[in-house]
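Take a look at the structure below.
In full-length UniProt numbering, the protein residues as written are 1 to 904.
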């Protein structure tokens, strides 16, 4: 037993045997020494090369270091905090033990060799040969590049430092390693990786590796790469899922199964990557995938995102929350549940291979769902997009949703039915298209909805068209019945071949449009108890309409000149009698009708037929439609049509129907160009009930000779010449009518769109030479114009509007008002003239009546004399016009036109 001291400047190479003790002080060096005893290397001491043999022990203190050297079986090198071992070779049975704060650089561990590192130790680089073991605590830092060979083991530790890498190969085991930011753990073929944590770095698992419970840690920015031949699974455990800020990449040939993508996490399945089991995509998570493979299920929860999807394979399943938005084109051979198609997204369901199922998808504007042959579509909602159902598909409970602008297309061999449920109606703003060979059965077209049946399409059973609904036919559509179930139902025949289908339930205000038959070509119309025949210069066209002769009709043109045939309201209007309701055309003198004072006999009945377009003021002759329930519940009991001046009764007073118009529940009906109206006269001017609404009977005001039968009175009169009667006085004041108008409008289900107004009168002059003069300037309420020489007269041109249009129909002023003109002065070089003819001449062209001595309204095209031929001004002058009031005007209000040429 010997003791040695290696001091500063000394180099020792002697052999140490068992029992020997050597101390290497600062500056001392051992070189190629064989150590079988105990060697203490103090701070600044150095051990170079050599061997630590069996029983030999190195104690390297803080600041001490060793370089290379072999630690043989039974030998051990202890590294204290601050000590360094550079490029040690750990033979089988040899051990290097690194304490917290120690550093091991470029280690070479051979089979059976052991490197044991405490928390906080640093292992940087090296090679771990077959059978070698690195045992580290969780806080051990693994840096540089460490290659782990067959049969070796690395346990615990943290990869740290940019570019640090731990690579494991056949037979090696890596467990409980933390892969830090910008580092990489590679599990090669045959390697086993267990419970390793990715904390910002990259874990790549090659084909043939055996991973188990590896997962993302608490860090972000981490990536796990699954190579071909490898399967990644978290056993449907959220804690083992793809966590926020981290990414799982599945390469071609790689497999992912049973995973959860947490909010903020991303899974990328490359082309050729395989998904199995159930993949949950929670809110805020992203799955990038090309194909949902056979046997796989993707469950997209609310707020989850799936990008790049093009195919759902046969037996694959995509289940999406309602607010999941598809993008691009996705072909479904498997099953798709839920989600939303919008923009230009398309979902094409194909039955190729095995039947596909698409269910619960919402198809919004721009989106398209195509159910191909063999595909099944169930409970899909069309909310502005397009659903097409091809031959061989099996649809069930698909329908229009709450949106508008949607289209459902039924191809050859497919039947569309609403299963007698209102939920499957063709709803407002939506369109059902039946292609040639397609069939529609038992459906209802609701108000605002439209069904188009192409040539060769078929109606089976009854196709019901509700009030306001539209059916478009192109020729005969099978043997089914078209039922115009509500007043105001619309049938359009698009071709020149008339359908032979029965058109039933013909009622007032129903419309048939012959879109390809010019209205101008019709020479006559015949109605019978079984149908209607239209005669033209080139032939005739017949429709099977039972009960057609029960009603009158009007003919008009559509926007393209096609013929519109509308039933006349008049014959269908019902009045209350002691025996119940009776239609107006069945009344005769002596028939009792009910009034608030009791039953009273009809004195006489009259009727008159007019055509709106031929009247002096056509706008005043359109009918007013008072919709069912507009005035109160059940009042009127159905739509009531009256002339604009006909009065309804409120609080025992008469209010013209035109003053009640609100554009929704009471409106001007411009669809009926020709009609017959009736008057009913009693012994006195009384109120009667028409369609359960209280209205006036006829008051003889001297217009009896206008009727076709002068001895017969009429119910629904035209213009009136008096202010009512002592029993029913006329009341048109705004104070009385506006509250009634407001109450009726409040009952309406929706408000009518308000007209766009302007306060600009577009004021200008036109001279007697046809010159147009625009204002020179405006100062307060005075508008100045430069008048050329020799101009004797100008016309004051402006927009016009009726107060009843711009303020409201409850204002009883239907004059076309231009501007209210006050003082007019002409300034010439040598004199100023105040012009007053517009305030003194009652019949001056273009001016309304004299209401005041200081101002007067124009009608939008008013003559204004400037001077006589005697005092004709040969020089230019300035005309000043005071505009006391103007507007507002409707934006589309016309400006008076004349032969014009612009001045300047």
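Every residue, glycine too, gets a C-beta built ideally from N, C-alpha and C.
C-beta contact flag for residue i and residue j at 9 Å
{"i": "residue 39", "j": "residue 68", "result": "no"}
{"i": "residue 185", "j": "residue 176", "result": "no"}
{"i": "residue 393", "j": "residue 349", "result": "yes"}
{"i": "residue 343", "j": "residue 360", "result": "no"}
{"i": "residue 201", "j": "residue 183", "result": "yes"}
{"i": "residue 470", "j": "residue 501", "result": "no"}
{"i": "residue 178", "j": "residue 157", "result": "yes"}
{"i": "residue 629", "j": "residue 665", "result": "yes"}
{"i": "residue 12", "j": "residue 24", "result": "yes"}
{"i": "residue 483", "j": "residue 504", "result": "yes"}
{"i": "residue 460", "j": "residue 440", "result": "yes"}
{"i": "residue 575", "j": "residue 594", "result": "yes"}
{"i": "residue 277", "j": "residue 243", "result": "no"}
{"i": "residue 604", "j": "residue 681", "result": "yes"}
{"i": "residue 452", "j": "residue 472", "result": "yes"}
Alpha helix (DSSP H) segment containing residue i, residue limits
{"i": "residue 685", "result": "Unbroken run through residue 685: none, as it is neither H nor E."}
{"i": "residue 67", "result": "Here residue 67 belongs to no alpha helix (DSSP H); instead the beta strand (DSSP E) covers 65 to 67."}
{"i": "residue 823", "result": "Careful: residue 823 lies outside any alpha helix (DSSP H), inside the beta strand (DSSP E) at 819 to 827."}
{"i": "residue 736", "result": "734 to 747"}
Exposure label - residue i; buried when at least 16 CB within 10 Å
{"i": "residue 450", "result": "buried"}
{"i": "residue 306", "result": "buried"}
{"i": "residue 702", "result": "Note on residue 702: pLDDT 38, under 50, position unreliable in the model; no value is reported."}
{"i": "residue 841", "result": "exposed"}
{"i": "residue 560", "result": "exposed"}
{"i": "residue 765", "result": "buried"}
{"i": "residue 18", "result": "exposed"}
{"i": "residue 566", "result": "buried"}
{"i": "residue 301", "result": "buried"}
{"i": "residue 754", "result": "exposed"}
{"i": "residue 15", "result": "exposed"}
{"i": "residue 498", "result": "buried"}
{"i": "residue 7", "result": "exposed"}
{"i": "residue 287", "result": "buried"}
{"i": "residue 830", "result": "exposed"}
{"i": "residue 638", "result": "buried"}
{"i": "residue 457", "result": "buried"}
{"i": "residue 400", "result": "buried"}
Span of the beta strand (DSSP E) around residue i
{"i": "residue 661", "result": "Taken as a continuous stretch (DSSP letters only), residue 661 belongs to no beta strand (DSSP E), as it is neither H nor E."}
{"i": "residue 793", "result": "793 to 797"}
{"i": "residue 85", "result": "84 to 86"}
{"i": "residue 607", "result": "604 to 611"}
{"i": "residue 807", "result": "From DSSP, residue 807 is part of no beta strand (DSSP E); its letter is neither H nor E."}
{"i": "residue 601", "result": "598 to 601"}
{"i": "residue 696", "result": "693 to 696"}
{"i": "residue 21", "result": "21 to 24"}
{"i": "residue 4", "result": "3 to 6"}
{"i": "residue 592", "result": "592 to 595"}
{"i": "residue 781", "result": "Note, residue 781: premise wrong, no beta strand (DSSP E); not H, not E."}
{"i": "residue 669", "result": "666 to 669"}
{"i": "residue 299", "result": "296 to 300"}
{"i": "residue 771", "result": "771 to 773"}
{"i": "residue 656", "result": "653 to 656"}
Cβ of residue i within 9 Å of any chain D Cβ
{"i": "residue 12", "result": "Given the protein chain composition of this structure (a single chain), no chain D is represented."}
- Scan the segment 341 to 373 and note each continuous alpha helix (DSSP H) run of 4 residues or more that stays entirely inside, going in chain order. Complete alpha helix (DSSP H) runs here, min 4: none at all.
- Taking the runs of the beta strand (DSSP E) that are 3 residues or longer, which of them lie wholly in the segment 845 to 888? Runs found: 861 to 865 and 877 to 886.
- Task: For the segment 237 to 254 and the segment 264 to 282, state whether three or more C-beta atom pairs, one from each stretch, are separated by less than 8 Å.
- Result: Using a Cβ-Cβ distance cut-off of 8 Å, the segment 237 to 254 and the segment 264 to 282 are in contact, since at least three pairs of beta carbons, one from each stretch, lie closer than that value.
- Message: Which runs of the beta strand (DSSP E) at least 3 residues long sit entirely within the segment 488 to 566? Give them in chain order.
- Response: 490 to 493, 511 to 518, 522 to 527, 531 to 536, 539 to 544 and 553 to 557
- Task: Run through the segment 447 to 471 for me and flag every whole beta strand (DSSP E) of 3 or more residues, listed as ranges in chain order.
- Result: 450 to 453, 458 to 460 and 462 to 465
- Query: Are the segment 809 to 824 and the segment 858 to 869 touching by the rule of at least three beta carbon pairs closer than 8 Å?
  - Reply: Yes: at least three Cβ pairs fall under 8 Å.
- Assess, as a yes-or-no matter, whether the segment 809 to 818 is touched by the segment 786 to 794 under the definition of 3 or more beta carbon pairs within less than 8 Å. no
- Query: Does the pairing of the segment 252 to 263 with the segment 220 to 235 give three or more beta-carbon distances under 8 Å?
  - Reply: yes
- Task: Kindly confirm or deny that the segment 70 to 80 and the segment 88 to 104 touch, where touching means at least three C-beta pairs closer than 8 Å.
- Result: yes
- In the segment 213 to 283, which residue ranges form an unbroken beta strand (DSSP E) of at least 3 residues, counting only runs that do not cross its ends? 223 to 226, 231 to 233, 247 to 250, 255 to 257, 266 to 269 and 274 to 281
- Task: Please confirm if the segment 96 to 110 is in contact with the segment 77 to 85, defined as three or more CB-CB distances below 8 Å between the two stretches.
- Result: yes
- Message: Three or more C-beta pairs under 8 Å: does that hold for the segment 474 to 481 against the segment 517 to 524?
- Response: no
- Entirely within the segment 147 to 179 and at least 3 residues each: give me those beta strand (DSSP E) ranges in chain order. List check, beta strand (DSSP E) in window: 153 to 155, 165 to 168 and 173 to 175.
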